[in-house]
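Chemist:
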Ligand SMILES: Cc1cc2nc3c(=O)[nH]c(=O)nc-3n(C[C@H](O)[C@H](O)[C@H](O)COP(=O)(O)O)c2cc1C
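In the working numbering, the protein residues as written are 5 to 200.
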């Protein structure tokens, strides 16, 4: 069932605070892109903080829209943060570019020009819940997401502080995560090495 009303956005898994979602966008040549993005919700106000230089930034600048895909797949965060995912992981739903494995997706519009301001507001258009699975809080998955943030910063800034953070996280993921989290953490380290 499609949702169009901002009042119902929590149904899609989007709550106050920063929602770490995977943004799917398309460039002018029709090339698909996916990358983690923090979608900030404060009551009825929704915004993003986009750093210039990413494909996501360029695509939103050109197209004025993106889809927020809600996911708890640690490998998806790692692969989309540091690498590309194959085209067959994308699927068009209701005319919009989404991820095959999304638990929910939501389309947002924004004024391309507004991207130059610090926290451009975005407008909810529509969305859909695909998989209403729920789970207990797991430190492992949350820490893989944290490690993916540190990894994108390390790749950009090359400060060893981020590597130390990743090593610290690795130990806790080994203890608290399941096989999926451990596999994602191994892949994250592999992709960091490849970026050297
Ligand atoms: C959990 C997480 C959240 C992120 N949030 C943002 C964000 O809010 N804004 C941003 O510009 N980059 C963010 N990033 C970094 C981008 O995902 C990263 O730079 C990515 O490589 C951009 O890929 P692209 O060039 O394919 O768009 C985030 C990364 C992670 C792992």
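We treat Cβ as the ideally placed atom computed from N, Cα and C, and that holds for glycine. Bear in mind that the values here come from a model prediction, so they are computed numbers and not experimental data.
Is residue 149 closer than 7 Å to residue 94 when the C-beta atoms are compared?
Modeler: On the chain shown, residue 94 is found 90 positions in, with the first residue counted as 1. On the chain shown, residue 149 is found 145 positions in, with the first residue counted as 1. Contact flag unset, no.
Chemist: Tell me whether residue 40 sits in a helix, a strand or coil according to DSSP, three-state version.
Modeler: Reading the chain shown from its first residue, position 36 is the one you call residue 40. If DSSP states are grouped into helix, strand and coil, residue 40 belongs with the strands.
Chemist: Whose CA, out of 42, 31, 32 and 9, lies closest to the CA of residue 20?
Modeler: Working through the chain shown from its first residue, we reach residue 20 at position 16. Comparing Cα-Cα distances from residue 20 to each of 42, 31, 32 and 9, the minimum goes to 42.
Chemist: Assign residue 51 to buried or exposed, taking buried as 16 or more other Cβ atoms, counted over all protein chains shown, within 10 Å of its Cβ.
Modeler: Translated into positions along the chain shown, residue 51 becomes position 47. It is buried - the Cβ of residue 51 has at least 16 other Cβ atoms within 10 Å.
Chemist: Below 6 Å, is the gap between the Cβ of residue 103 and the nearest heavy atom of ligand 1?
Modeler: Here residue 103 is taken as the residue at index 99 of the chain shown, counted from 1. Flag unset: Cβ of residue 103 not near ligand 1.
Chemist: Please name the residue in 79, 75, 31 and 156 whose C-alpha comes closest to that of residue 183.
Modeler: Your numbering for residue 183 matches position 179 in the chain shown. Ranking the options by Cα distance to residue 183, first place goes to 79.
Chemist: For the beta strand (DSSP E) containing residue 199, list its first residue and its last residue.
Modeler: On the chain shown, residue 199 is found 195 positions in, with the first residue counted as 1. From DSSP, residue 199 is part of no beta strand (DSSP E) but of the alpha helix (DSSP H) over 183–199.
Chemist: Looking at C-beta atoms only, is the number of pairs between the region 82–91 and the region 108–126 that lie closer than 8 Å three or more?
Modeler: No contact exists between the region 82–91 and the region 108–126.
Chemist: Rank 12, 56, 8 and 62 by C-alpha distance to the C-alpha of residue 30 and give the top, closest one.
Modeler: As a working mapping, residue 30 is identified with position 26 in the chain shown. Here the closest residue by C-alpha is 62.
Chemist: Quick check: the Cα distance between residue 6 and residue 162, rounded to an integer number of angstroms?
Modeler: As a working note, residue 6 is residue 2 in the chain shown. As a working note, residue 162 is residue 158 in the chain shown. The alpha-carbon atoms of residue 6 and residue 162 are separated by roughly 43 Å.
Chemist: For residue 154, which option in 59, 186 and 173 has the closest C-alpha, if you only look at C-alpha atoms?
Modeler: Counting from one through the chain shown, the residue named residue 154 turns up at place 150. Residue 173 is the option with its Cα nearest to residue 154.
Chemist: Applying the 10 Å Cβ sphere with the 16-neighbour rule, what's the burial state of residue 17?
Modeler: Translated into positions along the chain shown, residue 17 becomes position 13. Burial call: buried.
Chemist: Go through the region 46–76 residue by residue and report every complete run of the beta strand (DSSP E) that reaches 3 residues or more, in order.
Modeler: For the region 46–76, whole beta strand (DSSP E) runs of length 3 or above, ordered along the chain, are 49–52 and 69–74.
Chemist: Check whether the Cβ atoms of residue 87 and residue 26 sit closer than 7 Å, and answer yes or no.
Modeler: Sequence index remark: in the chain shown, residue 87 carries index 83 (1-based). Sequence index remark: in the chain shown, residue 26 carries index 22 (1-based). For residue 87 and residue 26, no; Cβs fall outside 7 Å.
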